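Only one structure is covered here, and it is reproduced in the block below.
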Amino acid sequence: MEHSIAQERRLVTAIPGPKSLALQARRYAAVAAGVASTLPVYAADAGGGIIVDVDGNSLIDLGSGIAVTTVGNSAPRVVDAVREAVGHFTHTCFMVTPYEGYVAVAEKLNALTPGGHNKRTALFNSGSEAVENAVKIARLATRRSAIVVFDHAYHGRTNLTMALTAKAMPYKKGFGPFAGEIYRMPMSYPFRDVEGMTGKDAAARAISMIEKQIGAEDVAAVLIEPVQGEGGFIVPADGFLPALSQWCTHNGVVFIADEIQSGFCRTGSWFACDHEGVVPDLVTIAKGVAGGLPLAAVTGRAELMDAVHPGGLGGTYGGNPVACAAALAAIETMQELDLNAAARRIEATVMPRMLALAERTGSIGEVRGRGGMIALEFTVAGSTEPDAAAAASVAKACHAEGVVILTCGTYGNIIRLLPPLVIGADLLSEGLDVLEAAVSAL
Ligand SMILES: Cc1ncc(COP(=O)(O)O)c(C=O)c1O
Numbered sequence: 238m239e240h241s242i243a244q245e246r247r248l249v250t251a252i253p254g255p256k257s258l259a260l261q262a263r264r265y266a267a268v269a270a271g272v273a274s275t276l277p278v279y280a281a282d283a284g285g286g287i288i289v290d291v292d293g294n295s296l297i298d299l300g301s302g303i304a305v306t307t308v309g310n311s312a313p314r315v316v317d318a319v320r321e322a323v324g325h326f327t328h329t330c331f332m333v334t335p336y337e338g339y340v341a342v343a344e345k346l347n348a349l350t351p352g353g354h355n356k357r358t359a360l361f362n363s364g365s366e367a368v369e370n371a372v373k374i375a376r377l378a379t380r381r382s383a384i385v386v387f388d389h390a391y392h393g394r395t396n397l398t399m400a401l402t403a404k405a406m407p408y409k410k411g412f413g414p415f416a417g418e419i420y421r422m423p424m425s426y427p428f429r430d431v432e433g434m435t436g437k438d439a440a441a442r443a444i445s446m447i448e449k450q451i452g453a454e455d456v457a458a459v460l461i462e463p464v465q466g467e468g469g470f471i472v473p474a475d476g477f478l479p480a481l482s483q484w485c486t487h488n489g490v491v492f493i494a495d496e497i498q499s500g501f502c503r504t505g506s507w508f509a510c511d512h513e514g515v516v517p518d519l520v521t522i523a524k525g526v527a528g529g530l531p532l533a534a535v536t537g538r539a540e541l542m543d544a545v546h547p548g549g550l551g552g553t554y555g556g557n558p559v560a561c562a563a564a565l566a567a568i569e570t571m572q573e574l575d576l577n578a579a580a581r582r583i584e585a586t587v588m589p590r591m592l593a594l595a596e597r598t599g600s601i602g603e604v605r606g607r608g609g610m611i612a613l614e615f616t617v618a619g620s621t622e623p624d625a626a627a628a629a630s631v632a633k634a635c636h637a638e639g640v641v642i643l644t645c646g647t648y649g650n651i652i653r654l655l656p657p658l659v660i661g662a663d664l665l666s667e668g669l670d671v672l673e674a675a676v677s678a679l
């Protein structure tokens, strides 16, 4: 794919450079301190797998703005579609005078999400908003109130989604009181579960707790990320998701897959649920779907989605026409470039190198993930004790060398790789060289 921005890492100043530092000073005087940044280099341009900062440094992007620029930054089709759309109209509000783009996005999402059943879609602005609406729909459709979530879950920072999210600091601490009727169950986390615990065992553990502590007949929905994102790229053991999904079906409980981070080619298939043939009742979508423009969705069974009275769902900006045009172009790009195959190629490159690195250095307890969603869990050598300092030090070293890399995890001890799926093989390889050097230097 051709980019107007040279696909190469090039550092011309220290990171951050003087112009970024000057902007950082302005920022501290103007922007709320509660909004933090991983790396204080200020972006001027970005394309493909490169971010160019205001000092002229070109950095390799292994974070995709937290799993958003799956099709690359300023992807050509997305840019053209946005230009075209914005010249026609920027907003009418779908709830006032609707437009085709919204309908076309709904048709696409209905077709691409798992399952051949009759579906409907509603569009929103952010992932949190999509999750909130999925909960609203499940509660209204079932006339039940309890929502089951899991350890290490991340579902957002609005009031309801804070209650759904597991980690207190920084997401919840001091922001209560939180919404009620949320019940947290143990996740399948093979690296930290007792040895030999299968996915079925882990599901049975959670189901038994649900039945004893809530009662199946009071549960509206089980909400789960099929591969957890912020919690640490935790891939549940095989069989965990199918067993939960089957239990939901047998008990009239809505199974909601939060695919906001794992969806849209990220794991090498359209949705992470596809890997085990799991068909959720509702799917939440955001991030990668619109090439960087804010768009989110709930897609699901027509009978659940249509249970809501007219006017019960919506919002001023939900399904903005420019964001819809971007989504249609991003999805075309995914199809045309076969970004599912690209994600699998990334896995085939990254996995063996990271496994060898873990073997060599002893500071990585586990390498895991799927497609373009791979994590290194740092632990004190010879144990499973989380080593957050190691992850922070590796991230810092990568940043200084011009590689944008993110950490995550309940224990803050995880480096996560989320490259744009259009990243060139050489650029990816160079990013991994920098990462390997940083880990080796621990
Ligand atoms: C799985 C998951 N759900 C929900 C959200 C919240 O999305 P947003 O930040 O767009 O509100 C995120 C964001 O990281 C996420 O990864």
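Residue numbers for the sequence shown follow my numbering, beginning at 238 and rising by one. Heads up, the beta-carbon is just placed ideally off N, CA and C, and yes, glycines get one too. These numbers come from a predicted model, not from an experiment.
Query raised in the report: Between which two residues does the beta strand (DSSP E) harbouring serine 295 extend?
Result: Its beta strand (DSSP E) spans residues 295-298.
* Can glycine 469 be considered in contact with ligand 1, in the sense that its beta carbon sits closer than 7 angstroms to one or more heavy atoms? -> Answer for glycine 469: no, Cβ out of range of ligand 1.
Using three-state DSSP, classify valine 308 as helix, strand or coil. Here valine 308 carries a coil assignment [DSSP, helix/strand/coil].
Subject >> Proximity of cysteine 561 and leucine 594 at Cβ, strictly below 8 angstroms >> reply: Taking 8 angstroms as the Cβ cut-off, cysteine 561 and leucine 594 do not qualify as a contacting pair.
Q | Nearest neighbour of threonine 553, chosen from Ala262, Tyr339, Val333, Ala273 [CA to CA] | A | For the residues Ala262, Tyr339, Val333, Ala273, the minimum Cα distance to threonine 553 belongs to Val333.
Sequence-distant residues of the same chain with beta carbon closer than 7 angstroms to serine 311, five excluded per side:
Ala283, Gly284, listed in sequence order.
#### Entry: Rounded straight-line distance, which links the Cα of glutamate 622 to that of arginine 429
If you take the alpha carbons of arginine 429 and glutamate 622, they lie about 10 angstroms apart.
| query | Distance, Cα to Cα, glycine 489 vs glycine 529? | reply | Spanning the two alpha carbons is a distance of roughly 36 angstroms.
Run of the alpha helix (DSSP H) containing cysteine 635, from where it starts to where it stops:
From DSSP, the alpha helix (DSSP H) with cysteine 635 extends over 625-637.
Could you give the DSSP three-state label for cysteine 561: helix, strand or coil?
Three-state result, cysteine 561: helix.
Original post:
What residue from Leu541, Glu418, Ile651 has the CA that sits closest to isoleucine 471's CA?
Top reply: The shortest Cα separation from isoleucine 471 among Leu541, Glu418, Ile651 belongs to Ile651.
Distance between valine 659 and methionine 238 (C-alpha atoms, nearest Å):
Low local confidence applies: a pLDDT of 44 at methionine 238 is under 50, so the model's placement there is unreliable, with the coordinate-based value given in what follows. Whole-angstrom Cα-Cα distance: 8 angstroms.
**Prompt:** Any contact of the region 602-619 with the region 486-506, i.e. 3+ C-beta pairs under 8 angstroms?
**Reply:** Output reads yes: the region 486-506 touches the region 602-619.
Subject >> valine 385 - containing beta strand (DSSP E), residue span >> reply: 383-387 is the extent of the beta strand (DSSP E) around valine 385.
Handout entry: alanine 375: CB within 7 angstroms of a non-hydrogen atom of ligand 1
Key = No, ligand 1 has no heavy atom inside 7 angstroms of this Cβ.
Quiz item: Is the beta carbon of glycine 468 sitting closer than 8 angstroms to the one on tyrosine 391?
Solution: Cβ distance < 8 angstroms, so glycine 468 and tyrosine 391 count as in contact.
| For the alpha helix (DSSP H) that arginine 314 lies in, which residues bound it at each end? | It spans 313-325 - the alpha helix (DSSP H) in which arginine 314 sits, taken as one unbroken run.
TODO: Could you name the residues whose beta carbon sits closer than 6 angstroms to any heavy atom belonging to ligand 1, keeping them in chain order?
DONE: Residue list for ligand 1: Ile303, Ser363, Gly364, Ser365, Val368, Tyr391, His392, Gly393, Glu462, Gly466, Glu467, Asp495, Ile497, Gln498, Ala523 (CB closer than 6 angstroms to any heavy atom, chain order).
- Query: Is it the case that the Cβ atoms of alanine 375 and leucine 519 are separated by a distance below 8 angstroms?
  - Reply: With contacts defined by Cβ atoms closer than 8 angstroms, alanine 375 and leucine 519 form a contacting pair.
Fill in: Whole-number beta carbon distance between serine 666 and threonine 598, since they are thought to touch under 8 angstroms
A Cβ-Cβ separation of about 19 angstroms leaves threonine 598 out of contact with serine 666 under the 8 angstroms criterion.
Suppose the cutoff is 6 angstroms on Cβ atoms and the five residues either side in sequence are ignored; what does the same chain contact list for proline 479 look like?
When the five nearest sequence neighbours on each side are left out, the beta carbons in the same chain lying within less than 6 angstroms of the beta carbon of proline 479 are those of Glu513, Val515, in order along the chain.
task: Under 8 angstroms by Cβ, that's how I've got threonine 521 and asparagine 347 pegged, so tell me the actual separation to the nearest angstrom.
output: Rounded to the nearest angstrom, the Cβ distance from threonine 521 to asparagine 347 is 14 angstroms, too far for a contact under 8 angstroms.
* To do: Over the uninterrupted beta strand (DSSP E) stretch that includes phenylalanine 492, give me the two end residues.
  => Element bounds for phenylalanine 492: 491-495.
> If you run the structure through DSSP and keep just helix, strand and coil, what is isoleucine 242?
Replying inline: Coil at isoleucine 242, not helix or strand.
Q: Report yes or no: do the region 290-299 and the region 241-257 share at least 3 C-beta pairs separated by less than 8 angstroms?
A: Verdict: yes, contact present.
Per DSSP, the bridge partner or partners of arginine 653 = In DSSP, arginine 653 forms a bridge with Ala612, Leu643.
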